[in-house]
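Only one structure is covered here, and it is reproduced in the block below.
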Amino acid sequence: MSTTPAAILDVALQKAEASIAQPIVTNPSIAEKIDYVSRYVGNRAVVRLLLACSLAAIHRGNVDIRKPYTEIGTPDAYSGRYYDESYITAFINKHELPCNPTTAFLTPALRNRNITLTPAVNLVGRPPKLYEAALQLLDDVHQGRITAEELLAQTIRCLIIARNEKRQRMETLLADLKKSEDAIPLSAEEIITLLKQHLACRGSSRLPVLIVAAAYQVAEQYIGERFLPLESHNAADEQTGALGDLEITLVDDEKVITSYEMKTRRVTLADIDRALQKINSTGKRVDNYIFITTDAIEEGIQEYASIMYDRTDGIEIVVLDCISFVRHFLHLFHRLRSQFLSAYQQLVLTEPDSAVSQPLKEAFLALRQAAESAREF
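Just so we're aligned, residue 0 is where the sequence shown starts under numbering that gives the first Met the number 0, counting upward by one.
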């Protein structure tokens with residue numbers, strides 16, 4: 000087709016927005032599969048597969064929508080990753096659609112493939128039903144049961160509805176919180192209980208980073224230290240050049256003086272050894288390398304960490320419990336406890352959904368609302 004992929008997406012968006020009240024796809028079974036893939040919260044990559052493949056099939060009418068790999072080597076194959084990275088990323092960001100922030104074609108189930116994606120293929124992705132539904136939809140287009148234009152527009156329609164529902168829920172939760180602004184602030188121990196409840200939620204591995212970051216954010220002017228911009232939740236330290244999950248510098252300096260590494264399991268001797276290897280390989284001479292864990296600290300770990308001070312010529316390595324850390328902070332900076340809670344909430348809400356899921360964001364607002372409402376009685 001002569002029209003551009005960007006123009007195709009704009010047309011599909013207009014069609015989707017005009018059809019919010021009425022599905023574009025009339026076949027109930029196919030419409031149900033599109034809705035399922037588009038709304039599945041636990042894996043936001045697969046919907047990008049549908050967007051990229053349907054876009055390519057519209058833009059290049061001679062391709063087989065089931066062949067998004069040029070390695071297949073046939074004239075009707077194409078690069079799904081190209082369409083995903085070149086057009087889908089900008090489109091979903093512009094319209095705030097609830098999708099994975101990065102290409103679907105680098106996820107374990109879809110990378111390094113050179114096969115036609117038929118319903119018989121086992122992509123070994125989780126959950127299997129999600130991938131099965133996506134492959135069936137690609138086959139539905141190939142078999143003529145639905146057009147690529149319909150698949151694209153209906154998928155965008157489902158994403159718009161999910162986005163709008165998300166916005167409405169967040170607005171309601173935030174409005175409920177605002178009503179209790181004049182109440183007595185939560186005590187330090189009530190905030191700790193709230194954080195414990197949030198950490199106990201599913202998919203909370205990013206939260207310890209945000210807890211420590213919030214502490215440094217509100218205390219920055221008092222301690223003269225700040226945290227560097229947070230890296231992606233999934234980015235490896237080797238890729239970013241960072242020593243850990245959170246790096247601390249002096250306010251007027253870029254030199255890292257403290258590095259935090261977060262664990263949602265028990266810290267091991269091997270973890271400490273790997274930390275030393277990272278310090279040696281990067282050449283960064285930090286003052287402190289601090290492990291924060293949400294699990295128990297085994298006997299002997301602290302002692303092993305402490306002997307590294309002499310071995311490293313002055314780098315202190317320590318293992319701290321996450322809740323103990325924040326409890327000490329909130330009592331040390333007691334007058335900042337409300338600012339800390341607000342900073343933590345803002346960090347949670349602004350994190351990409353791939354790091355802090357939408358249900359986890361909503362859970363915090365609901366838990367905070369429950370805690371603050373309890374003070375009114």
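For glycine and all other residues, C-beta sits at the position ideal for the given N, C-alpha and C.
As DSSP reads the structure, residue 249 sits in a beta bridge with 224.
As for any alpha helix (DSSP H) of minimum length 4 sitting wholly inside the region 256 to 325, the runs are 268 to 281, 300 to 305 and 307 to 310, ordered along the chain. Here residue 227 has 246 and 248 as same chain residues with Cβ atoms under 7 angstroms from its own Cβ, once five neighbours each way along the sequence are excluded.
The region 317 to 327 makes no contact with the region 54 to 65; the number of CB pairs closer than 8 angstroms stays below 3.
DSSP places residue 58 inside the alpha helix (DSSP H), whose first and last residues are 45 to 58. Between residue 206 and residue 198 the beta-carbon gap is near 6 angstroms, inside 8 angstroms, which marks them as a contact. Residue 158 and residue 74 have their C-alpha atoms spaced approximately 32 angstroms apart.
Fewer than three pairs of CB atoms, one per stretch, sit closer than 8 angstroms, so the region 30 to 38 makes no contact with the region 75 to 83. Non-local beta-carbon contacts of residue 191 in its own chain, meaning distances under 8 angstroms to residues more than five positions away in sequence, involve 322, 325, 326 and 329 in chain order. The continuous alpha helix (DSSP H) containing residue 88 extends over residues 88 to 94. The beta carbons of residue 271 and residue 221 sit about 30 angstroms from each other, so the pair does not count as a contact at 8 angstroms. Straight across, the Cα-Cα distance linking residue 281 with residue 50 is about 40 angstroms.
Taking 7 angstroms as the cut-off, the beta carbon of residue 68 is found closer than this to the beta carbon of residue 112. Contact fails between the region 97 to 104 and the region 139 to 149, because fewer than three Cβ pairs, one in each stretch, are under 8 angstroms apart. In this structure, 45 is the residue among 300, 90 and 45 with its C-alpha nearest to the C-alpha of residue 136. Residue burial annotation: residue 19 is exposed, with fewer than 16 other C-beta atoms found within 10 angstroms of its C-beta.
Contact between residue 373 and residue 152 is absent: CB atoms are separated by about 46 angstroms, not below the 8 angstroms threshold. Between residue 348 and residue 360, the alpha-carbon positions lie close to 6 angstroms from each other. Rounded to the nearest angstrom, the Cβ distance from residue 285 to residue 256 is 6 angstroms, consistent with a contact under 8 angstroms. Of 258, 266, 267 and 262, the smallest CA-CA separation from residue 277 is found for 258. When DSSP states are grouped into helix, strand and coil, residue 75 belongs to the coil group.
Short of 8 angstroms from the beta carbon of residue 195, and not among the five residues preceding or following it, lie these beta carbons of its own chain, in chain order: 322. Of the candidates 283, 342 and 267, the residue whose Cα lies closest to the Cα of residue 299 is 267.
Counted as a single uninterrupted DSSP element, the alpha helix (DSSP H) harbouring residue 372 occupies residues 357 to 373.
When secondary structure is reduced to three states using DSSP, residue 148 falls in the helix class. The alpha-carbon separation between residue 57 and residue 356 amounts to approximately 32 angstroms.
The C-alpha of residue 260 is placed about 5 angstroms away from the C-alpha of residue 244.
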